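Protein chains in written order, with the numbering used here: chain R, 252 to 986; chain A, 44 to 552; chain U, 8 to 179; chain B, 11 to 112.
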Amino acid sequence: MVVSLIRIILLCPLAAFAIFGLLGLANRRFPRQDYLSTAAMLIALACSFLLLREVVPSPEAHTVDWLSLGGVTFSMGFYLDSVTVIMLIVVTLVSSLVHIFSMGYMHGDPRYPRFFAYLSLFSFSMLFLVVSDNLLGIYIGWELVGLCSYLLIGFWFEKDSAANACKKAFLTTRVGDVGMFIGMMMLFTKFQTLSLYGEGGIFALAASQLTTGDMVWLSIAGVLIFCGAIGKSAQMPLHTWLPDAMEGPTPVSALIHAATMVAAGVYLTARMFPILTETSSLVIAYVGGITALVAATIAIVRFDIKRVLAYSTISQLGYMMLAIGAGSYVAGLFHLTTHAFFKALLFLGSGSVIHAFHAMHHAHDDEHDHEHADDHEHSDEHILGAEIPPDQDMRNMGGLRHKMPITFITMLIATLSISGVPFIFSGFWSKDAILGGVLGRAMEWNSAHHYILFGMALCAAGITAFYMFRLIFMTFFGEPRNQEMHDMAHESPKSMTVPLLILAALSLPVVNILWFNDTYVKPPPQPHLHAPQHAYVSPDSNIGGKGYTVSLFGVSEAAAAEEEGGHGTDGTHTDDGHHGHGPAHAIAMVLSIFVAGLGIFLSWLFYHRRTLSAESVATTCRPLYNLFWHKYYFDEFYDGVLVALTVWKARLFAKFDGSVVDGIVNGVGFVTRDLLAAFTGAFDNRVVDGIVNRVAQVTWAVGGRIRRIQTGAIQTYLFVVLAGIVLLILIFRAL
Amino acid sequence: MLLSLMIFIPLLGMVVVLLLPRESEELVKRVTLIFTLIPLALAVYLFISYDRSTAGTQFFHGPVPWIDAFNIQYHVGIDGLSVTLLLLTALLGPICVIASWRNIEKGIKAYMALFLLLETGMLGFFAALDLFLFYVFFELTLLPMYFLIGVWGGPRREYAAIKFFLYTLFGSVLMLVAMIAVYLNSNIVNGVAEGARTFDIPTLITLAATQGHALADPDFQVWVFVGFFIGFAVKVPIFPFHTWLPDAHVEAPTAISVILAGILLKMGTYGLVRVNMAMFPQGLAHFTDGIGFWGNSLALLGFINIVYGSFCALAQTDFKKLVAYSSIGHMGFVILGLAARNSEGITGAILQMFNHGVISAMLFLLVGVLYDRAHHREINGFGGLGTRMPIYTGITTLAFMASLGLPGLSGFVGEALSLLGAYDRFKFLTILSTIGIVVGAAYFLWTLQRVFLGTLNPKYEALPEINGREILTLVPLGILTIVLGVWPNFAIDMFRESVTNLIDVLHAI
Amino acid sequence: MDFTLTNFIFYGFALMTVGSALLVVTVRNIVHAAFSLMVTLFGVAGLYVFLQADFLAATQVIVYVGGILVLILFGVMMTSGRLEMRIHIERGQLLLGGVVALALLTLLLTVIANTPAWKNLTDDGTELPPTTEKIGELILNGPFLLPFEVVSVLLLVALIGAALISRKEVRD
Amino acid sequence: MTLQHYLVISAILFTLGIFAVLTRPNAISILMGIELILNSCNLNFAAFSRFMTPPEDISGQIIAIFGIVLAAAEAAVFLAIILAIYREFGSIRPDEVDTLKG
């Protein structure tokens, strides 16, 4: 049942894509590709809901041998636990809604069917990633979603900026993927398998085989696997591709670059949870924390509505990473789901706004648009973010709440949710769970690192509230800044507003009920995570409560631990809860409400009341503003240094190949032909050929004499023959 | 017998083609196609009826005495490795004939005849079980190749053809010396000559593993290994013996590039597996035991090939040259995998051989399609073709993605297994080699962008879409790429036992 | 040696044969030489009769005299358009030819005289029945069938070949 | 009459034929010489058939008949060649036909 349901979920979107591909090969188009793809997604969604009931407490992986060598077998298979099911539902749900939304948004595009085919392929890849039970399968899905991301970002590939962006996205994530692959190689070499679960899986083997001496190795492996997540989830320092990926159609941004694919990094990190060590956890947490903070600060100064949301996504993903790194497994995944809904909503909402402007834009100066695309061959400006399409520039918007009420309301709900406005929005709960979890870990371990991380998270939360409301105020409130565009704006069609409404409903905590069920999602044990020795541990301060009491160590582990010092670092594998047990959660909740309020208030002052002038602040803090505006100079660094260096190196190698290696070959050829051969040639001409010629001359001369014998007269011949016969007979008689 | 039939049917085809009148070009092409389709059918039959559960060679023909004075025999047979490569060869045969259907302008009869001769050489090479026969077939491919490049090639065809010829000849001379050394030592046990000398490969493999036999002497093995290695390294090609490859590829006509990349490079790696690894495990061990410079040298060469080839490819502006350099990079994975000497590495290497044959064939065919239309290959001279030729773009994207190692397509499996295996022994070099993966993605994506994305170059507004005949050549390869990517056991089943057997030999020392 | 009539006739034929053959090789006029050859052939035919080979003698007369000789005369007439039929023989050639011919003759005669098996074989003079029927039997229904067929083919080929070679070039 | 009588006649004919072939400066004369040679051979066959074999065996005669046939064929071809040569060179003197002269 489980397996066949999963098969249906995977095969439906794949079939939708395959039909497109096969027809495309025959140069035909299936006009109703949109219905086909959407139907496939809806079936997958239904099956996902059916799977909800199939989750068992200790699931087994369903595998088949995919690739068997002499001694080693790589199996492919499905693993279905509560997290998988939730991810499945999130992916299929958001994907379905995006499909529906796209029917309106992409209407009239010359490559309309292709868009849906790509979406189907993406959905398949993503679902495959989610259900895989082994690293190889995850990696395969991982790369396939990367491909789809590439294809969809470059969907309007006539634009050079889109062509650049898709290449950048693929390459940047590939750098991370290589790290992940190296990590996989390390694990494989150690354990001779890439399966994660079950008796022979990596987790079981890691728990039973590794000793304390292996912790450095395991940390490196963990961080390397996390590299994949850094690339895919756009964490520092590989985050630069995600804002550029906004060149893709907005539904793509919503589906891939907000809700699902970028969250796959978080999902992977969560999957790897059991083998994270203290060091690797800390690395993950710091990467997440720094990303959350840095991306949030960049978002403050953006004017492109989609870029703001992109940086917001990066920031929120950093949040989730922080949560997992800090041990708040459930909180991280909880935030993943809530974020998926409200960020998808935000993107679709912005898409609705862009659509409203875009229609006008098209009607007005279509030709100009084309020239525009032509002119911008060199993309320096684009990298600086100075070039913003007019229909995405918030400075052209304002006062749209009357024109587009549904879009406005739904986006406001999402904004309230992401900002952490208390109690009635899901974002508050998930964010609070993270903050509480981090603070709880800090208090429990008495760890300075975690206090710093908590501080970062709190700052990021405040800034998030600020820039999100900046977006809302600039877009929907105030007076229209561009009257012409404003006049043309209109509410979007039903196919676009209905998904918005559904997503808005999903941003309420009620529908995320599963996360409030203690037993539904349980964090896996982390046998290699030792609390620092100075940790403050008391039996009843198991903050967050349902900590795994943890005799999951192997015997040798326990023995090793005892040898180390004999004191009871018995692994407080705590998890946060999200019910606000204990002091940590209470403190975190209060603080988060406070910073959110502060952010919203400041935003109101700056952008609605205009009591404070953003421009004057920017002037005062010019260096800081420049830093934010230039996105911490990451792109400049990459383009100016890394890419240039690589290309330079490539040219150098090619030159080396052409001049040195080939030069040597040609040189050998030259030496052989022109020097050696010249000498040999001379020798050959004078001596060897001389002898030959002399022989020939002698032969010639002799021949000249002898040929006289040939008279050509038959009778002479006959005479000689007969004379010869007579002579011969005479001779023989004589003998 | 079936095997011999398969090998010599193209030769028969050559005779038939030569007897046909010069004027009836269509007939010549059709006859050639038929004579390449028969080996394909036979190869498919062999592939299906091959007994996958054993490692031994099957479908023997011979040994039949050939040159008695030197105990040279006609002896052919296939194991799992050969049968896959035979299938690849037989598959590329008709594809190349179809690809040459329109764009060979002069002397189609001679072209087809030489092509058939080439096919016999290639098929025979992969099936030969006698070292001398092996060498004869190896050289037999050289001659038609020389003419095919030198007569039907591009503007610098003569330079390229001579370079190719001399390079290969240089390598094969060393190989010949090594071969004679093996022959002369093949009957010496404990310093005493016993019995007859032999060229028979299975016998030699057994002898080389016999204690006290002259062939089993480690020093001897090392030197002979080097001789054979250089011979095959030129063919693979391994840095620094690679510079014939870009020239030959750029000048050769499309179909010949396909054969060159698809089969001839595999002859090098096949030789490495069949002779260097199976026959001289101690020689191999000397270069792959991870101790000191020499112990890492083979893996180092693999690494250099990968990184160097990839970087050189990144710098190319000629489409075909880029693909040629990418071949160098991809063959590096084969070398790296072989150097690993474990089941993952060797399986990966063999898969990579097969997959690279399929994928690079696709790439060269695709370049040919574009060249036939635009008459140049300058990457920067195109732009925006994606709007004009969507099907072509789709197939190219598939081929590029397969080549850059996208999971789900065949290129990934070989690369990943090679790296997984190599990491076991050469951690540092393997990690460095992964740079090649990123650079590989970089040059393919950059090319994709420069050729297909962006605004359409107005020069090519009327460029016709890929036609049915060209699609016909690409579709089987595309299907193979996907099938092997999704279900690699399809191919691995063939040679799993052979690899296990080989590893037993390697570990027996 | 007794001079019976038979002997006399034999020697007559022998003399006729040898003498006319001598004329063939010596006369200067080629037409005369041809007629001398005819006499020689008749002489040989006569000798065949003495050897009891009646059919052979008849064939000799019919084929040689009736066929080949006529052919030769045709050849003479066709090639000697100017009717310049005198033959000039170089003295040196004559001398050399004569020496060789004489040496050959000496040799042959020595062999004939010295071969023991050939000595004292006299013709017993037995009359044989006419050979025609027997020859027909042997050729058409005996061991000589195959040679006969081969010779027929050869003759045919020779005829066609001769016709082909000697015809005028039409193309020019 | 003994065998040797015939053989001597045959030898003389043969020698004369050779002499003609060697010395006559005219192709037709040469042909006549050849006819003499052939006749001497036939005569030998007939003689040997008569003297060396049982009377009823007349194989020698049959060979002689074949010889006559061959002579006829040969004469035909020879004359044809002579005609061709005559057309080509305007002469049938063998010493003037010396294209093969070295």
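Ideal Cβ positions, reconstructed from N, Cα and C, are used throughout, including at glycine. All figures in this text were calculated on a predicted structure; none of them were measured in a lab.
Any beta-carbon of chain R closer than 8 Å to the one on residue 31 of chain B?
Within the fourth sequence, the letter at position 21 stands for residue 31 of chain B. Yes, its Cβ sits closer than 8 Å to a Cβ of chain R.
Please report the straight-line C-alpha distance between residue 126 of chain A and residue 758 of chain R, rounded to a whole angstrom.
Counting from 1 along the second sequence, the entry for residue 126 of chain A is found at position 83. Counting from 1 along the first sequence, the entry for residue 758 of chain R is found at position 507. Rounded to the nearest angstrom, the two C-alpha atoms are 59 Å apart.
Helix, strand or coil: how does DSSP classify residue 390 of chain R here?
For the purposes of this step, residue 390 of chain R is taken as residue 139 along the first sequence, with counting starting at 1. Residue 390 of chain R: helix per DSSP, three-state reduction.
Round the Cβ separation of residue 546 of chain R and residue 565 of chain R to the nearest angstrom and send it over; I've been treating them as touching at under 8 Å.
Taking the first sequence and counting its residues from 1, the one referred to as residue 546 of chain R is at position 295. Taking the first sequence and counting its residues from 1, the one referred to as residue 565 of chain R is at position 314. Rounded, the Cβ-Cβ distance is 4 Å, consistent with contact.
Taking residue 970 of chain R as the query, report the chain U residues whose CB atoms sit under 9 Å from its CB, ordered along the chain.
Reading the first sequence from its first residue, position 719 is the one you call residue 970 of chain R. For residue 970 of chain R, the chain U residues whose C-beta falls within less than 9 Å of its own C-beta are 100, 103, 104 and 107, listed in chain order.
If you measure between the beta carbons of residue 525 of chain R and residue 775 of chain R, is that distance less than 8 Å?
The residue you call residue 525 of chain R lines up with position 274 of the first sequence. The residue you call residue 775 of chain R lines up with position 524 of the first sequence. For residue 525 of chain R and residue 775 of chain R, yes; Cβs fall inside 8 Å.
If you measure from the beta carbon of residue 242 of chain U to each beta carbon in chain B, is any gap under 8 Å?
The question about residue 242 of chain U has no answer, for chain U in this structure spans 8 to 179.
Counting only beta-carbon separations shorter than 8 Å, does residue 974 of chain R have a partner in chain U?
Position 723 of the first sequence holds residue 974 of chain R. Chain U contact via Cβ: present.
For the alpha helix (DSSP H) that contains residue 994 of chain R, what are its first and last residues?
The first residue shown for chain R is 252 and the last is 986, placing residue 994 of chain R beyond what the model contains.
Run of the alpha helix (DSSP H) containing residue 291 of chain A, from where it starts to where it stops:
Locating residue 291 of chain A in the second sequence gives position 248, counting from the first residue. From DSSP, the alpha helix (DSSP H) with residue 291 of chain A extends over 287 to 294.
Give a yes or no on whether the minimum CB-CB distance between residue 17 of chain U and chain B is below 8 Å.
Reading the third sequence from its first residue, position 10 is the one you call residue 17 of chain U. Yes - at least one Cβ of chain B is within 8 Å of the one on residue 17 of chain U.
Applying the criterion that 16 or more other CB atoms from any shown protein chain within 10 Å of the CB defines a buried residue, is residue 877 of chain R buried or exposed?
In the first sequence, counting from the first residue as 1, residue 877 of chain R sits at position 626. Residue 877 of chain R is exposed by the Cβ-count criterion.
Is residue 106 of chain B close to chain U, meaning its C-beta is less than 8 Å from at least one C-beta of that chain?
Along the fourth sequence, one-based indexing puts residue 106 of chain B at 96. So, not an interface residue.
Beta-carbon spacing of residue 755 of chain R, residue 847 of chain R below 8 Å:
Within the first sequence, residue 755 of chain R is the residue found at index 504, counting from 1. Within the first sequence, residue 847 of chain R is the residue found at index 596, counting from 1. No, the Cβ-Cβ distance between residue 755 of chain R and residue 847 of chain R is not below 8 Å.
Quick one: is residue 110 of chain U near chain R, going by C-beta distance under 8 Å?
On the third sequence, position 103 is the one that residue 110 of chain U refers to. It does: the Cβ of residue 110 of chain U has a partner Cβ on chain R nearer than 8 Å.
Quick check: the stretch 296 to 315 of chain R against the stretch 331 to 342 of chain R, are there 3 or more CB pairs under 8 Å?
Output reads yes: the stretch 331 to 342 of chain R touches the stretch 296 to 315 of chain R.
Classify residue 116 of chain A as helix, strand or coil using the three-state DSSP reduction.
Position 73 of the second sequence holds residue 116 of chain A. Strand at residue 116 of chain A.
Along chain U, in chain order, which residues have C-beta atoms closer than 9 Å to that of residue 64 of chain B?
For the purposes of this step, residue 64 of chain B is identified with residue 54 of the fourth sequence, where counting begins at 1. Chain U residues near residue 64 of chain B: none, gap ~11 Å exceeds 9 Å.
Return no unless some Cβ of chain B is closer than 8 Å to the Cβ of residue 168 of chain U.
Reading the third sequence from its first residue, position 161 is the one you call residue 168 of chain U. Yes - at least one Cβ of chain B is within 8 Å of the one on residue 168 of chain U.
Please determine, among A:405, A:403, A:448 and A:391, the residue with the shortest C-alpha to C-alpha distance to residue 318 of chain R.
What you label residue 318 of chain R is simply residue 67 of the first sequence in a count that begins at 1. Measuring from the Cα of residue 318 of chain R, the nearest candidate turns out to be A:391.
Give a yes or no on whether the minimum CB-CB distance between residue 78 of chain B and chain R is below 8 Å.
The residue you call residue 78 of chain B lines up with position 68 of the fourth sequence. It does not; no Cβ of chain R falls within 8 Å.
Counting only beta-carbon separations shorter than 8 Å, does residue 477 of chain R have a partner in chain A?
Taking the first sequence and counting its residues from 1, the one referred to as residue 477 of chain R is at position 226. Output row for residue 477 of chain R: interface = no.
Answer yes or no: do residue 273 of chain A and residue 217 of chain A have a C-beta to C-beta separation smaller than 8 Å?
As a position in the second sequence, residue 273 of chain A is number 230, starting the count at 1. As a position in the second sequence, residue 217 of chain A is number 174, starting the count at 1. Result yes, Cβ atoms of residue 273 of chain A and residue 217 of chain A sit closer than 8 Å.
Would you mind sorting residue 93 of chain A into buried or exposed? The rule is 16 or more other CB atoms within 10 Å of its CB.
Residue numbering aside, residue 93 of chain A sits at position 50 when the second sequence is read from its first letter. The residue is buried, with at least 16 neighbouring Cβ atoms inside 10 Å.
Whole-angstrom distance between residue 31 of chain B and residue 44 of chain B, CA atom to CA atom
In the fourth sequence, counting from the first residue as 1, residue 44 of chain B sits at position 34. In the fourth sequence, counting from the first residue as 1, residue 31 of chain B sits at position 21. Rounded to the nearest angstrom, the two C-alpha atoms are 7 Å apart.
Any chain R beta carbon closer than 8 Å to residue 91 of chain B
Position 81 of the fourth sequence holds residue 91 of chain B. Chain R, which has no Cβ nearer than 8 Å to the Cβ of residue 91 of chain B, makes this no.
Neighbour list for residue 980 of chain R in chain U, Cβ cutoff strictly below 7 Å
To locate residue 980 of chain R, count along the first sequence from 1; it is residue 729. By Cβ distance, chain U contributes 114.
Going by other Cβ atoms of all chains shown within 10 Å of its Cβ, with 16 needed for buried, is residue 626 of chain R buried or exposed?
Looking up residue 626 of chain R in the first sequence gives position 375. With a pLDDT of 40 at residue 626 of chain R, under the threshold of 50, the predicted position of this residue should be treated as unreliable, though the coordinate-derived value follows. With fewer than 16 other Cβ atoms within 10 Å, it is exposed.
Taking only beta carbons into account, state which residues of the stretch 845 to 863 of chain R come closer than 8 Å to chain A, listed in chain order.
none
Using a Cβ-Cβ cut-off of 8 Å, state whether residue 944 of chain R counts as contacting chain A.
In the first sequence, counting from the first residue as 1, residue 944 of chain R sits at position 693. No, residue 944 of chain R lies away from the interface with chain A (no Cβ there is under 8 Å from its Cβ).
So is residue 626 of chain R in contact with chain A if we call contact Cβ pairs under 8 Å?
The sequence position of residue 626 of chain R within the first sequence is 375, counting from 1. Low local confidence applies: a pLDDT of 40 at residue 626 of chain R is under 50, so the model's placement there is unreliable, with the coordinate-based value given in what follows. Residue 626 of chain R does not count as touching chain A.
Residues, ordered as in the chain, of the stretch 17 to 47 of chain B that lie near chain R by beta-carbon distance below 7 Å:
Going along the stretch 17 to 47 of chain B in chain order, one finds 28, 31 and 32 with a Cβ nearer than 7 Å to chain R.
Is residue 473 of chain R near residue 528 of chain R, with beta carbons less than 8 Å apart?
As a position in the first sequence, residue 473 of chain R is number 222, starting the count at 1. As a position in the first sequence, residue 528 of chain R is number 277, starting the count at 1. Contact flag set, yes.
Less than 8 Å between CB atoms is the rule here; does residue 964 of chain R satisfy it with respect to chain B?
Taking the first sequence and counting its residues from 1, the one referred to as residue 964 of chain R is at position 713. Yes - at least one Cβ of chain B is within 8 Å of the one on residue 964 of chain R.
Answer with buried or exposed for residue 910 of chain R, where buried requires no fewer than 16 other C-beta atoms within 10 angstroms of its C-beta.
In the first sequence, residue 910 of chain R corresponds to position 659, counting from 1. It is exposed - the Cβ of residue 910 of chain R has fewer than 16 other Cβ atoms within 10 Å.
With a threshold of 8 Å on Cβ separation, who are the neighbours of residue 140 of chain A within its own chain once the five nearest residues in sequence on each side are excluded?
Here residue 140 of chain A refers to the residue found at position 97 when the second sequence is read from its first residue. Contacts found: 72, 75, 76, 79, 155, 158 and 298.
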